[in-house]
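For reference, the structure is listed below as structure tokens.
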Amino acid sequence: MKRTIVMIVMIATLFTGMIFFSYAQRHQTVRANQPSITGQYGITIDADTGEILYGKREDERSYPASIAKMMTTLLLLENVKENEEITVTENAIKTESQSKKIKLRAGEKLKRDEALKLMLIISADPISESIAEHIAGSKNEFVKMMNARAKELGTKHATFKNASGADALGNKVSPYDIAIITKEALKYPIVLQYMNSVNTTLHTSERSPKIANYGREELYDDPYAIGSKSGLSALGKYTVVTVDEKDGKRVINVVLSSTRAQLYPDTKKMAHYAFKQLK
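Take 48 as the starting number for the sequence shown in the numbering used here and just add one per residue.
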């Protein structure tokens, strides 16, 4: 009887070891064969399962710049009704950098999806702060919501300090954090719609100007690319989150601390490599 138990334990131990070795070997193979990128930090995940398909310092923290707006986007869609109006606040105008593409005015009103356009297409910081005040009453209370929701999603390192992603002490995330936040945000089809848009018409209570992000056209050098949100700051440098789709499979790519020239080439290499892992 004792011999039988010993044999069972030995077989179970051997089997467990084989599984661990197989996983470790695959993980090492992925890392050994994956392409190099210019960005200091990067990740690609399966948009459905969250499986990591590419990683470069993916659990290390850096400044997100405007891709922090993916968290603001998620909270906007979770907490504000479609026809609800958001007012651009005087505080937002005073404290946030205005976009060169449009100068928002204090008191100007936008419905939820118009506010989303401003964030995801031209990355207007004042609308992010106005959203924060609309939802939570103040910037500080909204930041608490951002960090609490991020933790619920399973982020490991995110410490948001504002709604826009502007440089601030401790305002840091990992590529993994942004990837899983984006995964959740993509459950709302309108997010990808605006991540894909190059130009559109904005409708506010006062005007209907054209807005555009022609820099996004570089994304489409990648035949599988279907959306992006980029950022730039002094501390964060160039950052981006992109979405690619091939043969019904979708991946999310995040790069932090890169260069202008290599931002989209990086995510293209990452995505194409990831699709090979999904075969």
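Don't be surprised by glycine CBs; every beta carbon is placed ideally from N, CA and C.
Under the DSSP definition of a beta bridge, which residues are partnered with residue i?
{"i": "Asn130", "result": "Note: Asn130 sits in no beta bridge, so no partner."}
{"i": "Ile169", "result": "According to DSSP, which records beta bridges pairwise, Ile169 is partnered with nothing at all."}
{"i": "Tyr101", "result": "Thr91"}
{"i": "Ala219", "result": "With the sequence shown as reference, residue 219 is identified as Lys, and Ala is not the correct amino acid for it. DSSP output for Lys219 lists Thr206 as bridge partner(s)."}
{"i": "Ser109", "result": "Val220"}
Can you tell me whether residue i is buried or exposed, with buried defined as 16 or more other CB within 10 angstroms of its CB?
{"i": "Ser144", "result": "exposed"}
{"i": "Tyr101", "result": "buried"}
{"i": "Gly64", "result": "With a pLDDT of only 47 at Gly64, under the threshold of 50, the placement of this residue in the model should not be trusted, and no figure is reported."}
{"i": "Tyr261", "result": "exposed"}
{"i": "Gln72", "result": "Confidence is the limiting factor: at Gln72 the pLDDT is only 41, short of 50, which leaves the residue's position unreliable, though a coordinate-based value still follows. That one is exposed."}
{"i": "Thr76", "result": "With a pLDDT of 45 at Thr76, under the threshold of 50, the predicted position of this residue should be treated as unreliable, and no value is reported."}
{"i": "His74", "result": "The pLDDT assigned to His74 is 45, lower than 50, so where the model puts this residue is not dependable, and the model offers no usable value."}
{"i": "Asp291", "result": "buried"}
{"i": "Glu231", "result": "buried"}
{"i": "Gly278", "result": "buried"}
{"i": "Asp269", "result": "buried"}
{"i": "Phe322", "result": "buried"}
{"i": "Glu137", "result": "exposed"}
{"i": "Pro173", "result": "buried"}
{"i": "Gly97", "result": "exposed"}
{"i": "Pro256", "result": "exposed"}
{"i": "Phe68", "result": "Confidence is the limiting factor: at Phe68 the pLDDT is only 42, short of 50, which leaves the residue's position unreliable, though a coordinate-based value still follows. The residue is exposed, with fewer than 16 neighbouring Cβ atoms inside 10 Å."}
{"i": "Arg263", "result": "buried"}
{"i": "Ser221", "result": "buried"}
{"i": "Ala94", "result": "buried"}
{"i": "Lys316", "result": "buried"}
{"i": "Asn80", "result": "exposed"}
{"i": "Glu129", "result": "exposed"}
{"i": "Ala308", "result": "exposed"}
{"i": "Ser185", "result": "exposed"}
Tell me which residue opens and which closes the alpha helix (DSSP H) that residue i is part of.
{"i": "Ala321", "result": "Leu310 to Gln324"}
{"i": "Asp224", "result": "Pro222 to Ala232"}
{"i": "Glu292", "result": "Not the alpha helix (DSSP H): Glu292 falls in the beta strand (DSSP E), residues Lys284 to Lys293."}
{"i": "Asn243", "result": "Pro236 to Asn243"}
{"i": "Ala197", "result": "Lys186 to Leu200"}
Would you mind reading off the limits of the beta strand (DSSP E) that contains residue i?
{"i": "Lys156", "result": "Lys156 to Lys158"}
{"i": "Thr142", "result": "Premise fails: Thr142 lies in the alpha helix (DSSP H), Glu137 to Thr142, not in any beta strand (DSSP E)."}
{"i": "Ser304", "result": "Lys296 to Ser305"}
{"i": "Asn246", "result": "Asn246 to Thr248"}
{"i": "Thr91", "result": "Tyr88 to Asp93"}
{"i": "Asp272", "result": "One detail in the question is off: residue 272 reads as Ala in this sequence, not Asp. Ala272 to Ser280 is the span of the beta strand (DSSP E), which, as asked, contains Ala272."}
{"i": "Ile258", "result": "Lys257 to Ala259"}
Determine the contact status of residue i and residue j, defining contact as a CB-CB distance below 7 Å.
{"i": "Ala183", "j": "Phe189", "result": "yes"}
{"i": "Val302", "j": "Asp294", "result": "no"}
{"i": "Glu161", "j": "Leu249", "result": "yes"}
{"i": "Ala215", "j": "Ala205", "result": "no"}
{"i": "Val135", "j": "Arg159", "result": "no"}
{"i": "Ala272", "j": "Ile92", "result": "no"}
{"i": "Ser244", "j": "Gly86", "result": "no"}
{"i": "Lys156", "j": "Ser252", "result": "yes"}
{"i": "Ala318", "j": "Val298", "result": "yes"}
{"i": "Ile140", "j": "Tyr223", "result": "no"}
*Check whether the stretch 278-290 touches the stretch 107-114, counting contact only when three or more Cβ pairs, one atom from each stretch, lie closer than 8 Å.*
yes
*Assess, as a yes-or-no matter, whether the stretch 116-127 is touched by the stretch 163-174 under the definition of 3 or more beta carbon pairs within less than 8 Å.*
yes
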